[in-house]
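J.: Numbering (mature numbering (1 follows the signal peptide of the UniProt record, and there is no 0)), first residue to last: -19 to -1, 1 to 398.
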């Protein structure tokens, strides 16, 4: 049995308090340094990457596991901020994740300048996060580790992507409630462990309403998406050739992995008080790339109840697809079309799949905002499909029908301070 360890580190220091940023002394430079750490060990009965709940996001999975038995899930996050006037500030964030692979996988690198002409208006220019309504400090909170909270985090995750462009945010007071409106536009290049996904021409809108212990949010975005992988490119080229041989140029365009449209919708709710932590997400997308399902809806809910220093919690999530992925659109009139159709079906079954996830865990709080957490996840996939369990880059293998369950055991020491 191979044994490996995982390390996550987060450190938080502050030279001044930004309480609403009203009492800033003009001419005095203020800075903050935040961090996050966790030491984790993961055991699974399969190798690959494991999307627990929400697909196409990095916040809900452990890092890549190259072999069965024990493996690491390493993360390290830092955020550096500076303010030199009441209106102007700059921030940079860096989040590193590392699994069993020797090369580190950098998930998040942000740097932007913020201009606040008024307390209720904010304009950010640079690399930010699209579709995310929360304080920047919450970037260090991982969805899969949501029972460890970052201080002063009023809003939780909605599906995100790094954005090179403009973000405009406006806060509106509605009695004792606060409405946040966020508009984003720009371009982005983004790396996954398996594929390089290039997002461009991204536009989005996010709304979040907070009143007391409750927060509701909705986010919409549309992007032009590209998938870059050698095996995927060869496979889709084979299908495009077959489609053109049948005189179907429209179908050939639906197998263009380098440029297709993806529309996404996210809904969320959170309740947080001294005892209960409840979070739920619903995420839907519609795409025009043939190997992906035309429509997919996923949802999850996780609830924990604090008893002294102990917080037992339970989570459940589902990913459902709509549309026949095996309908390649080809007539299968020639041997070439038959081969291409087989490749298309394999692509569809390996890239996506319906999945159900059950999670049970317990967290024990330590001093200095640290915690020990143990979590068990059971992922069930539809028969004969890979589900959202990704293997090595370019791998198109399909999970056998008699092995559709993945178990993940995670023991973590995490802290925010």
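C-beta: ideal position from N, C-alpha, C; glycine also.
1) For a test of your reading of the model: does the CB of residue 146 fall under 7 Å from any non-hydrogen atom of the ligand MN? Yes or no.
2) Which same chain residues end up closer than 6 Å to residue 150 when comparing Cβ atoms and leaving out the 5 residues on each side of it in sequence?
3) What residue does the beta strand (DSSP E) around residue 11 start on, and which one ends it?
4) Where do the N-terminal and C-terminal ends of the beta strand (DSSP E) with residue 285 fall, by residue?
5) Going by alpha carbons, who is nearest to residue 359 out of 349, 248, 340 and 225?
6) Alpha carbon to alpha carbon, how far is residue 187 from residue 144? Give it in angstroms, no decimals.
7) Are residue 181 and residue 161 close, meaning C-beta to C-beta below 8 Å?
8) Short of 6 Å in beta carbon distance, which residues of its chain neighbour residue 296, apart from the five on each side in sequence? Order them along the chain.
9) So is residue 148 buried or exposed if we call it buried at 16+ other beta carbons inside 10 Å?
10) Return the chain-ordered list of same chain residues with a C-beta closer than 7 Å to the C-beta of residue 167, the five sequence neighbours on each side being excluded.
11) In chain order, what residues of the same chain have a beta carbon less than 6 Å from the beta carbon of residue 394, not counting five sequence neighbours either side?
12) From the DSSP output, in three-state form, read off residue 361 for me.
13) For residue 106, I'd like the list of residues in its chain whose CB is within less than 7 Å of its CB, leaving aside the five on either flank, ordered along the chain.
14) Consult DSSP for residue 157 and reduce its assignment to one of helix, strand or coil.
15) Does DSSP put residue 216 in a helix, in a strand, or in coil?
16) Suppose the cutoff is 6 Å on Cβ atoms and the five residues either side in sequence are ignored; what does the same chain contact list for residue 224 look like?
17) Given residue 75, which residues of its chain have a CB within under 6 Å of its CB, disregarding the five upstream and five downstream residues?
18) With 16 as the cutoff for other CB atoms within 10 Å, does residue 26 come out buried or exposed?
19) Counting C-beta neighbours from all protein chains within 10 Å, is the total for residue 349 16 or more, i.e. buried, or is it exposed?
20) Can you tell me which residues form a DSSP beta bridge with residue 102?
21) The beta strand (DSSP E) spanning residue 246 covers which residue range?
22) Hey, would you say residue 185 sits closer than 8 Å to residue 195, going by beta carbons?
23) From this set, 68, 388, 262 and 276, which residue's C-alpha is nearest residue 197's C-alpha?
24) Quick check on the burial criterion: 16 or more other C-beta atoms within 10 angstroms. Buried or exposed for residue 158?
25) Could you tell me the alpha carbon to alpha carbon distance between residue 346 and residue 293, rounded to whole angstroms?
26) Looking at chain B, is there any beta carbon in it that lies within less than 8 Å of the beta carbon of residue 197?
27) Suppose the cutoff is 6 Å on Cβ atoms and the five residues either side in sequence are ignored; what does the same chain contact list for residue 277 look like?
28) By a C-beta neighbour count over all protein chains shown, 10 Å radius and 16 as the cutoff for buried, is residue 10 buried or exposed?
29) Provide the residue(s) that pair with residue 145 in DSSP beta bridges, ordered along the chain.
30) Taking residue 189 as the reference, which of 165, 153, 216 and 218 has the closest Cα?
31) List the endpoints of the continuous beta strand (DSSP E) containing residue 262.
32) Grab the span of the beta strand (DSSP E) containing residue 232 for me, first residue to last.
33) Whole angstroms are fine: how far does the CA of residue 338 sit from the CA of residue 253?
34) Answer with buried or exposed for residue 279, where buried requires no fewer than 16 other C-beta atoms within 10 angstroms of its C-beta.
35) In or out: residue 202 buried (at least 16 other Cβ within 10 Å) or exposed?
T.: On the basis of the data shown:
1) Of ligands this structure carries none, so the ligand MN is not represented either.
2) 103 and 163
3) 11 to 25
4) 276 to 286
5) 340
6) 14 Å
7) no
8) 283 and 340
9) buried
10) 144, 145, 146, 147 and 183
11) 20 and 353
12) strand
13) 93, 94 and 147
14) coil
15) helix
16) 232 and 233
17) 59 and 90
18) exposed
19) exposed
20) 151
21) 241 to 253
22) no
23) 262
24) exposed
25) 11 Å
26) Included in the structure is just one protein chain, with no chain B present.
27) 266 and 302
28) exposed
29) 108 and 168
30) 153
31) 257 to 268
32) Not the beta strand (DSSP E): residue 232 falls in the alpha helix (DSSP H), residues 230 to 235.
33) 23 Å
34) buried
35) buried
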